[in-house]
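Chains as they are written, first to last, in the working numbering: chain A, 1 to 597; chain B, 1001 to 1597; chain C, 2001 to 2293; chain D, 3001 to 3293. The structure appears below as structure tokens.
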Amino acid sequence: MRNDLIIGMAGSGGDGIVSAGESLMSALAREGYYAIMSKSFGSQIRGGESSCRLRISTDPVLSPGGTLDVAVALNWEDFMRFGSELPVDGRTVVIYDSNTKVQPDKLPLTEVRPAVAIPVPIQETARQHAGTDKAKNTVVLGLLAGWFKLAEENVLAGIRRKFGKKGEQVLRGNERAFAAGLEFAAAHPVDLDVVMAAPKAANGKILLLDGNEMCAAAAIFAGCDFFGGYPITPSTEIMHFLSKELWKHGGTVLQAEDEIAGIGAAVGASFAGKKAMTATSGPGMSLKTEILGLATIAELPLVCVNVQRGGPSTGIPTKSEQSDLFQAIFSAHGDAVRPVIAPISVHDTFRMTVEAFNIAEAYQTPVILLSDQEIAQRKETVPAINTANVHVVNRRLPTRSELDNYVRFRVTDSGVSPISHPGMKGGNYLASGIEHNEKGAPTAKGDVHARMNEKRIRKLIPLKHRRDLFVIEGDSHAPLAMVSWGSLAGVASEALERARKAGMRVKLLIPKLLYPVSEEIYRDFFREVKAGLIIEQSYQGQLYRVLRMYVDLPRGVQSLARSGSNPILVEEVVSRLQQLTLDLQRGRVPEPEPMLG
Amino acid sequence: MRNDLIIGMAGSGGDGIVSAGESLMSALAREGYYAIMSKSFGSQIRGGESSCRLRISTDPVLSPGGTLDVAVALNWEDFMRFGSELPVDGRTVVIYDSNTKVQPDKLPLTEVRPAVAIPVPIQETARQHAGTDKAKNTVVLGLLAGWFKLAEENVLAGIRRKFGKKGEQVLRGNERAFAAGLEFAAAHPVDLDVVMAAPKAANGKILLLDGNEMCAAAAIFAGCDFFGGYPITPSTEIMHFLSKELWKHGGTVLQAEDEIAGIGAAVGASFAGKKAMTATSGPGMSLKTEILGLATIAELPLVCVNVQRGGPSTGIPTKSEQSDLFQAIFSAHGDAVRPVIAPISVHDTFRMTVEAFNIAEAYQTPVILLSDQEIAQRKETVPAINTANVHVVNRRLPTRSELDNYVRFRVTDSGVSPISHPGMKGGNYLASGIEHNEKGAPTAKGDVHARMNEKRIRKLIPLKHRRDLFVIEGDSHAPLAMVSWGSLAGVASEALERARKAGMRVKLLIPKLLYPVSEEIYRDFFREVKAGLIIEQSYQGQLYRVLRMYVDLPRGVQSLARSGSNPILVEEVVSRLQQLTLDLQRGRVPEPEPMLG
Amino acid sequence: MSIVAEHEYQAKDYKSDLKPIWCPSCGDFGVVSAIYKALARIGRPPHEIAFVSGIGCSSRIPGYTTAYGFNSVHGRALPIAQGIKLANPDLLVLVAGGDGDGFSIGGGHVPHAIRRNLDLTYILMDNQIYGLTKGQLSPTSPRGLKTGSSFHGSLEEPVNPLLYVLSYGAGFVAQGTPADMSGLADVIEEGIRYPGFAFINVQSPCVTYGQEEQQLRVHKQKMQSLKDLAHDTTDRLKAMALAQEYGIKLYTGVFYRNPEPAATFETAVRELHDRLVPEARLRVDILDTFRPQ
Amino acid sequence: MSIVAEHEYQAKDYKSDLKPIWCPSCGDFGVVSAIYKALARIGRPPHEIAFVSGIGCSSRIPGYTTAYGFNSVHGRALPIAQGIKLANPDLLVLVAGGDGDGFSIGGGHVPHAIRRNLDLTYILMDNQIYGLTKGQLSPTSPRGLKTGSSFHGSLEEPVNPLLYVLSYGAGFVAQGTPADMSGLADVIEEGIRYPGFAFINVQSPCVTYGQEEQQLRVHKQKMQSLKDLAHDTTDRLKAMALAQEYGIKLYTGVFYRNPEPAATFETAVRELHDRLVPEARLRVDILDTFRPQ
Ligand SMILES: Cc1ncc(C[n+]2csc(CCOP(=O)(O)OP(=O)(O)O)c2C)c(N)n1
Ligand SMILES: Cc1ncc(C[n+]2csc(CCOP(=O)(O)OP(=O)(O)O)c2C)c(N)n1
Ligand code: SF4
Ligand code: SF4
Ligand SMILES: [Mg+2]
Ligand SMILES: [Mg+2]
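Spelled out as structure tokens, the structure:
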């Protein structure tokens, strides 16, 4: 019996492998399992390769997992296209369509022999029982439910809901295909302990959604009234959800003519007193650079979401990467500091999105919410969120007496000045991208410039003491440490657990506030640390570099970084930790590697 | 007798104070003096305040100098508007128009009493002798030439050349105004040693120009064939010069509809095989971000000049700042590394611009040439440059045999792949911003992506060994060190000289290559250093932070950084060095200050 | 926008304390005066007005009014103004800027603002030059013009702002010049009162970098009132024909006014809200959308 | 551009090894075939052709040809193409992309490319939808259309690419559809041969996210050849009137062809070079400009 199972499936676009994954996940969620499902596609719009990884667990999990326990290949070309995204090893059970004519001992996998390889006449079964190739994914559902004891009843119920609308014939065909899959599994028992344990508790309140949906929903919760954006993969679904829902709350969604106009309109809406948001991905972020700087100097609240994908330039739109951190922090010209925060899961995207609005409104600043394709497009089971505990912050409006002699950019103790908006009598002022004095009048004076720079940056200092924006796990006196962020945090968290089980003394810091860098929190964290890993998915190891800017990292702390779409696996992290432990025992402190390795 | 004299003058736009400075400088250059003149203006197009600082020396100088030796105020409101840009102290000789009705002991200077304050009826004299206020600046020239023995003959010759075209009456009037100024000076001798020593050698080959002109001229020298840009202060003069001259060399200048189109056209021209350039300032850089990333992944040579001004956003267009370093290095999304180089003077702008083209062409990469308003708009005397010694690099075209089976992005040992262009038979390929394989075909594969990232970044490693892109001065075993860049390097260089004269053991590193960071060169430099200063003109201390990313700075190395248009003076640097010397003697290593001080 | 004057306002009520830093005699002085006048006639209190601009000499104009001003970045006034109007449709939203701001860097935003048809009034100060950056080609500069950026003369045909906005479908298109101050104030007022996107091209001379022919006294000689020509302002094709003469003739007054103004974007939004808001769940319950089925 | 065929080329000489990843039956298959055909008739060798696009399904097209291709970034094909053409006027430069690429994010570049009048041919694959990003509003989507980004229906009027480019002064304007392959190849060929900026709007259906009415068989029924209508292609105002029916009627063929093509930008550049280059100092002596006087 297992508490945790990772299934990876690949086929061509028409095979419906992703929708099979979704059906299975939904059924499992109803049973009370926890699950994470990520999808990956080729570049084609239709008919290209597609895959999904579904991780099922009796306990909450944060990472999509590494090596597959079960691999399903509807055809081998498509499966192999995903390379290291669908890693198979000696413990994997491989299920594939026998029409591929591949012998179980001749699988085209590079240098691995899986535990079991089972050819199944998937296509044939679908044709036979449902009369169409379209039911191949239903056969697969039957196989999985059968072999691994996965929510048979609920899967069937799901099939009935889904195909019920499509007419009697389709429904019956799929029911038969499912049954045939179950039967095949029963008839060909697998001699391995891969059966899932029962869920701990049936959780009726569980939600099922992806990171983009969570982000959009959280924005509505946080009081967002205006969205201006432009479609771009993999962030477009934020706009899609808002285009359906935000209007219902009196808000407005503007699909602008480009990213500049999208953020421009959002800045306008913010100036007019509303909570405003824009969302995009790398190329769009590059275009928004100028207006982000405008929001900084004009001190206008704004949430800007960047769902990271492979870069540079158009790069790889459909794959996840964490290589926009430098840009998020440093892309503005001039001394512009803006908060950058990143969620670590779909679940966490709720809090982080609300936080982005809260910080934006409280500090009158653009906030970059740095998600990534992995989080944004993966589906997670999320336990019900008690929104009563989630605080929503609104901007500080001027009081009546402040309006009597209103000074928009007054240099206050906190650096935050009460902000008016059109419609407020007495609050009239000039907002501008030009440097201005406290009243808002344009100036070219150096001393005023220095004072305003100081004010705009000082107001963000309280963020550096927000310990709630950091997660610390593990042995607090450990000599070994990890830092990771965004979707990679889940991998690190799991590696932590495994390493500790293996007896290593190790801890983990997950910063959700990436900028400004909280020197104090890192200093405390690293005080007794001798060696460690900064784990992230970018070629340059961008977080590692950013931390070095502000924190004196212990010499043995290294970067474990890799280009996007080349996963960093839990196993690998654990073995790196093992090596570091050995090094430390032998009194060797590893050298950090030079740049541009 | 002095070898060095700093004159600061201010008036309102119509007063022609800047043109007086230019006339004086030109005359001095002809005599063989070295000189630097920087101008500063208010925000008005016409009639606002304007000022210039002219530094004259018998030896080459790198900095515009700190406290004024001579201050000329045509009126006090305008003079005071420049605040710390025109610093006066107890040794300054102040000359001002007596029509301001200000008493010499009641000057509106904050807490300083200059050495001498001489009210002169400047306006009255101009009216009386030339019949117009317009000759006020000519009176000033007479005063300066008289009191400080500055190139009387050559100034007069200059006046004759300049006003000769404007008719007999204007010419005579100005001649009389000049003579009246001389006379006034003769009649009111100043009891201070402010007379300039004679120049060391009359240097007929000297050039007189500003940084923007130098940049444009160097581009032509380097073989630039295409310029695409959009006007923006303070970089526009690059386009102005090219619009006059580049056509003569068969090149093309396109004033595009915006900065994006400007860099887009330049990328197109580069793709078509030509050396191409764009130039802008902060806000324009922000807009060029996306296409810079395109040039990185498509591996197209491109020179992008950013003449830095005060930021964020529109900020202070007319004032210098060094706050676009973060952006220059990090603005792209994705793992995009691009070389960033910065000139330290007008003179150096020649070599650095040629270098920018050479690096761009040799490594098939965009290169950011990071100038600043101070360098770009100040005039310098520049000794003749022996262009025969200046190497010009062209891109590596494929050979015939390479064209037989052409692989545009071949992963070579150096990382550089021979590059074809339209018109070359057999070289046909697809350039793209999408990740691509060696042949140029679009891909979404993680392993290809990782390999191409590696190639694109590895090819730049040789730059890190370019010791010729670093200047090191001073005592090589000194425990005290400075690092400075761009226009601030001159200040640091002068501070070095003064500090060493004062007996301090100190050295200075001036990086002209700012990125990639050469760990090795810094490591060598800092080996024996205990304390020091990273000197720059940005609120955040951007170079200090960038160095920390790659270099383990000695603990006592601090940031000396300030917002733009608030000068860092030589005196101040020297006194900070003194303090550090004391600290070291007492065994105290100063703590680096936290961010967002 | 329904306009109800609260109480009497005078031109000076819209004039701020900020002293314009334009060159003496710049055409923009006349434009801002005409705006003060038009606003006084409209009578909305300054705090209910949002006045957006980009960057340029002309874009300084919001700072010289008592409205809520937004002197934003070069070329982006229209997107920002649309955001403001959508966030609060009750505001009177004005947009102003230069020819470069509007039709060079900002040119991509104009058709979209117009096809969305928000109730904005866009006042373009067309001086056929880049003033603030000290004299380069603007998109409306005539072919052959020698400027800092076109030392040997421009090689491009100018854009035609009037014809462009007509082909984009603008409901109100007019032209004015400070050489005719009362006519200018009139078209601005009319533009503001027009319920939809209104475009007003103002020939506003740059006395420092502009051309001789673009000085006010030349305008005075060559301007030609469309009213005097008895032009039918409801005829869009006729307006387009007249607009073709941009750069040759200086017509003042209204080129086109849609006699049946189309519904504005704000109206469509209001209708959508009226339809959808009643049936919505509460914001705090938004996550319920994701209960698995 | 003077076009001299070197030797006989066939359509397949312009077809690359890259297998299109468009959805089966996407209209763009027809467009690329028509381009192969037109290029074969023109007969320029592939290496003398530069083919630039932005990003979108349609923008993949250069990769499917043997020309030097540049699949650049979203919306910037025109500036890049202009740089190429100016760098080497001897090249045949084609530009292609989608309706979003060209008239939404790239819309600000169109008027300027046209007023400069470089000898470029711009082929727009107008499917009234964002294909690559899986179905959102495009600027040419009809009002009311429900898409991923307009769940409750779009509230905006569509842009009119044909009318816009005519008002920008384009010298050659045509429309085609893969429903009429030979007509499409013809207008592409004519556009390439036109000495100046040529714009060809291609109604190219998106079979995955597009609307029912935009499928090829619907085109077949409703398309109407301008030749059959005996339309006078030298009459720009008439062309504008016909263009007004964009979205209602599907006219194919040439809307407008300037009977006296204006001089191109490249020609003006060549004249400038002819005048200035002879009197220039050497590049190595450029610094002599700065000897003080
Ligand atoms: C992104 C950006 N690009 C360029 C500039 C520089 N710039 C400021 S105003 C301006 C053009 C001014 O011309 P116009 O819009 O016609 O206004 P005018 O000054 O003539 O009134 C330019 C190019 C800028 N501030 N920002
Ligand atoms: C700067 C930028 N913004 C957005 C995108 C995402 N994007 C890619 S193609 C596209 C639009 C596609 O529509 P269209 O241009 O009409 O081409 P089609 O796919 O319909 O042929 C968008 C929004 C991008 N790649 N880059
Ligand atoms: S430069 Fe021209 S547009 Fe600008 S303020 Fe002066 S006259 Fe007016
Ligand atoms: S999504 Fe539409 S436009 Fe894109 S390839 Fe498929 S059918 Fe063609
Ligand atoms: Mg202008
Ligand atoms: Mg499209």
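Cβ coordinates follow ideal geometry from the N, Cα and C atoms, glycine included.
Outcome for residue i when other beta-carbon atoms lying within 10 angstroms are tallied against a minimum of 16
i, result
"A:Pro-231", "buried"
"B:Arg-1467", "exposed"
"D:Ala-3153", "The question names Ala, but residue 3153 of chain D in the sequence shown is Gly. Counting Cβ neighbours within 10 Å, D:Gly-3153 comes out exposed, since fewer than 16 surround it."
"D:Pro-3292", "buried"
"A:Ser-575", "exposed"
"A:Gly-273", "buried"
"B:His-1436", "buried"
"D:Asn-3117", "buried"
Chain-order list of residues whose beta-carbon lies under 7 Å from that of residue i (same chain, five-residue window excluded)
i, result
"D:Gly-3054", "Ser-3072, Val-3073, His-3074, Gly-3075, Arg-3076, Ala-3077, Gly-3097, Asp-3101 and Gly-3106"
"A:Val-31", "As written in the sequence, residue 31 of chain A is Glu, which differs from the Val given in the question. Taken in chain order, the residues that qualify are Ala-151, Asn-154, Pro-199 and Ala-202."
Bounding residues of the alpha helix (DSSP H) (the contiguous stretch that carries residue i)
i, result
"A:Glu-519", "519-526"
"D:Gly-3135", "First-last for D:Gly-3135: undefined, no H or E at that position."
"A:Asn-453", "446-458"
"B:Lys-1274", "Run containing B:Lys-1274: none; DSSP gives neither H nor E here."
Own chain, CB closer than 6 Å to residue i, minus 5 neighbours either side, in chain order
i, result
"A:Val-483", "Leu-509 and Ile-534"
"D:Phe-3051", "Pro-3062, Thr-3065, Ala-3067, Gly-3069 and Leu-3094"
"A:Thr-603", "Beyond the ends of chain A as shown, which are 1 and 597, falls residue 603 of chain A; an answer cannot be given."
"C:Ser-2149", "Gln-2136 and Leu-2137"
"A:Arg-91", "Ala-115"
"B:Val-1448", "Asn-1437"
"A:Gly-8", "Arg-53, Leu-68, Ala-71 and Leu-86"
Beta-carbon proximity list for residue i, same chain, < 8 Å, skipping 5 on both sides
i, result
"A:Ala-332", "Thr-289, Leu-292, Gly-293, Thr-296 and Arg-338"
N-terminal and C-terminal residue of the beta strand (DSSP E) that residue i is part of
i, result
"D:Asn-3071", "3068-3071"
Review point. Whose CB is closer than 5 Å to a heavy atom of ligand 3? List the residues in chain order.
Key: This criterion selects B:Ile-1045, C:Trp-2022, C:Cys-2023, C:Cys-2026, C:Cys-2057, C:Gly-2131, C:Cys-2206, C:Val-2207 and C:Thr-2208.
Review point. What residues in the stretch 2197-2224 of chain C bring their beta carbon closer than 7 Å to a beta carbon of chain B?
Key: Using a CB distance below 7 Å, the part of the stretch 2197-2224 of chain C facing chain B consists of Thr-2208, ordered along the chain.
Check your understanding: Closer than 8 Å, Cβ to any Cβ of chain B: which residues of the stretch 2138-2171 of chain C, in chain order?
Key -> Here the close residues are Pro-2139, Gly-2148, Ser-2149, Ser-2150, Phe-2151 and His-2152.
Point to revise | Selection of the stretch 1254-1269 of chain B by Cβ proximity to chain D, strictly under 9 Å | key: Of all residues in the stretch 1254-1269 of chain B, Leu-1254, Ala-1256, Glu-1257, Asp-1258, Ile-1260, Ala-1261, Gly-1262, Ile-1263, Gly-1264, Ala-1265, Ala-1266, Val-1267, Gly-1268 and Ala-1269 have a Cβ within less than 9 Å of some Cβ in chain D.
Point to revise | Residues, ordered as in the chain, of the stretch 1034-1060 of chain B that lie near chain C by beta-carbon distance below 9 Å | key: The residues in question are Gly-1042, Ser-1043, Gln-1044, Ile-1045, Arg-1046, Gly-1047 and Gly-1048.
Check your understanding: Given a limit of 9 Å on CB to CB distance, which residues of the stretch 2066-2084 of chain C reach chain A?
Key -> Correct list: Thr-2066, Ala-2067, Tyr-2068, Gly-2069, Phe-2070, Asn-2071, Ser-2072, Val-2073, His-2074, Gly-2075, Arg-2076, Ala-2077, Leu-2078, Pro-2079, Ile-2080, Ala-2081, Gln-2082, Gly-2083 and Ile-2084.
Point to revise | Under 9 Å (Cβ pairs) to chain B, residues found in the stretch 558-569 of chain A | key: For the stretch 558-569 of chain A, which is checked against every Cβ of chain B, the residues closer than 9 Å are Arg-562, Ser-563, Gly-564, Ser-565, Asn-566 and Pro-567.
**Study point:** Against chain B: residues of the stretch 2083-2104 of chain C by CB proximity under 9 Å
**Key:** If the cut-off is 9 Å between Cβ atoms, the stretch 2083-2104 of chain C has Gly-2100, Phe-2103 and Ser-2104 near chain B.
Review point. Going along the stretch 291-321 of chain A in order, which residues come within less than 7 Å of chain D, judged by CB to CB distance?
Key: For chain D, the residues of the stretch 291-321 of chain A that bring a beta carbon within less than 7 Å of one of its beta carbons are Ser-313 and Thr-314, in chain order.
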